[in-house]
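At position 71 of the sequence shown the residue is numbered 76 (the working numbering), and the sequence of numbers has no breaks.
Worksheet: the structure to be examined is printed underneath.
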Amino acid sequence: MKIWNKKTPLPWWLKTLKIIGIIAVVLLVWQVVFTLMVEVFEIWKPYVFPSPMRVFRAYKKLITNGSLFIGIGQSMKRILIGYGIAVIIGIASGMLIARFDFLSKIFRPIVPGIQTLPSVCWVPFAILWYGLAESASIFIVVVGSAFSICTAVDTGIRSVNPLYIRAGRTMGAKGAELYTRIILPASVPALIGALRQGWSFAWRALMTGEMMMSSKGIGLMLSQAREIGGINEVTAVMLVIILISMAIDKLIFGLIEKHACKWQ
6 MKIWNKKTPL PWWLKTLKII GIIAVVLLVW QVVFTLMVEV FEIWKPYVFP
56 SPMRVFRAYK KLITNGSLFI GIGQSMKRIL IGYGIAVIIG IASGMLIARF
106 DFLSKIFRPI VPGIQTLPSV CWVPFAILWY GLAESASIFI VVVGSAFSIC
156 TAVDTGIRSV NPLYIRAGRT MGAKGAELYT RIILPASVPA LIGALRQGWS
206 FAWRALMTGE MMMSSKGIGL MLSQAREIGG INEVTAVMLV IILISMAIDK
256 LIFGLIEKHA CKWQ
């Protein structure tokens with residue numbers, strides 16, 4: 006009989022059962038709280054606390070009319086374009102700031118300050134420059150993510166052990182070769198962290214942009230649920246947003262992080 010300990014990874018079917026069990030417990034507790042607080046003691050009103058069954062019905066409605074899949078498709082298209090542009094800008098600018106002292110003195114105090122701005126602050130610029138077109142939402146994703154990636158890349162490169170750099174210079178590496186063969190491989194974990202952080206900022210920025218001015222997308226669905234739906238519809242859309250973000254983080258960034266050591 007095989008015994009699993011903490012160091013032995015669980016087989017896929019046990020992991021699946023574990024996840025299903027956790028979900029079942031959460032749903033059970035949720036339903037008990039709703040029944041007691043809304044239906045039995047009537048402390049909360051039905052329109053301020055969602056019901057699991059009513060959220061399920063909201064999903065059924067969104068799937069039946071096709072709006073859920075259309076919204077997810079539109080949002081994923083915008084996030085892929087905007088996040089891709091933000092990654093290019095963020096990594097390039099972070100490397101330049103880390104490499105050149107005069108750029109560091111100018112931009113290192115400014116970039117973190119801009120990064121702290123909520124994404125909604127960029128909405129007026131997006132509307133003035135791009136109108137209500139799809140490019141406006143993409144712009145908000147780019148500015149909402151690029152600065153965080155830039156800061157993380159700059160910090161990651163500057164955190165590389167100076168011994169590695171001195172050893173590389175001793176062996177004759179300099180300029181671009183020093184960056185490509187010593188600094189960048191040593192900063193791979195920091196770069197992955199930058200991409201993961203940039204994704205979270207990009208996803209939130211996209212929701213902001215879509216709620217403000219999009220014709221289709223998950224953010225617009227959330228806004229419409231708030232205006233014409235109810236707490237159950239809002240909860241259903243919010244859970245979709247959370248699940249997509251968790252799936253991307255686990256399936257993509259988790260996989261990249263797992264194999265990062267092979268690139269160093």
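The C-beta atom is built at its ideal place from N, Cα and C for all residues, glycine as well.
Closest by CA to residue i, which one among the options?
{"i": "V147", "options": "P167, I162, P123, N166", "result": "P123"}
{"i": "A241", "options": "F46, S72, W17", "result": "S72"}
{"i": "G136", "options": "M218, Q202, Y184, R186", "result": "M218"}
{"i": "F61", "options": "N237, T185, A29", "result": "N237"}
{"i": "I249", "options": "P129, G224, G161, P194", "result": "G224"}
{"i": "L200", "options": "G149, I102, T185, G180", "result": "G149"}
{"i": "S80", "options": "A157, I143, G95, K65", "result": "I143"}
{"i": "N166", "options": "A138, G118, S192", "result": "S192"}
{"i": "I145", "options": "V128, W134, G161", "result": "V128"}
Taking only the alpha-carbon atoms, compute the straight-line gap between residue i and residue j and give it to the nearest angstrom.
{"i": "G177", "j": "L227", "result": "57 Å"}
{"i": "D159", "j": "T121", "result": "16 Å"}
{"i": "I346", "j": "P51", "result": "Nothing can be reported for residue 346, as the shown portion of the chain is limited to 6 through 269."}
{"i": "I75", "j": "V239", "result": "17 Å"}
{"i": "G234", "j": "V53", "result": "12 Å"}
{"i": "P190", "j": "S164", "result": "12 Å"}
{"i": "M251", "j": "R171", "result": "40 Å"}
{"i": "T21", "j": "I261", "result": "22 Å"}
{"i": "Y194", "j": "V125", "result": "Before going further, note that residue 194 is Pro rather than Tyr in the sequence given. The alpha-carbon atoms of P194 and V125 are separated by roughly 30 Å."}
{"i": "L256", "j": "F152", "result": "24 Å"}
{"i": "I188", "j": "L19", "result": "41 Å"}
{"i": "G99", "j": "I24", "result": "38 Å"}
{"i": "L196", "j": "I154", "result": "8 Å"}
{"i": "M212", "j": "R174", "result": "46 Å"}
{"i": "K221", "j": "F206", "result": "20 Å"}
{"i": "I246", "j": "W35", "result": "19 Å"}
{"i": "I102", "j": "M243", "result": "37 Å"}
{"i": "A91", "j": "A63", "result": "34 Å"}
{"i": "T156", "j": "V31", "result": "37 Å"}
{"i": "R186", "j": "S140", "result": "37 Å"}
Taking the continuous alpha helix (DSSP H) assigned at residue i, which residues delimit it?
{"i": "Y64", "result": "57–69"}
{"i": "E238", "result": "236–253"}
{"i": "M81", "result": "72–104"}
{"i": "T21", "result": "17–39"}
{"i": "K263", "result": "259–263"}
{"i": "P117", "result": "115–120"}
Give a single yes or no on whether residue i has its beta carbon closer than 7 Å to a heavy atom of the ligand ADP.
{"i": "Q202", "result": "What this structure holds is no ligand at all, so the ligand ADP is not there to describe."}
Original post:
Can you list, in chain order, the stretches of the alpha helix (DSSP H) that have 4 or more residues and sit fully within the stretch 161–231?
Top reply: 167–175, 193–218
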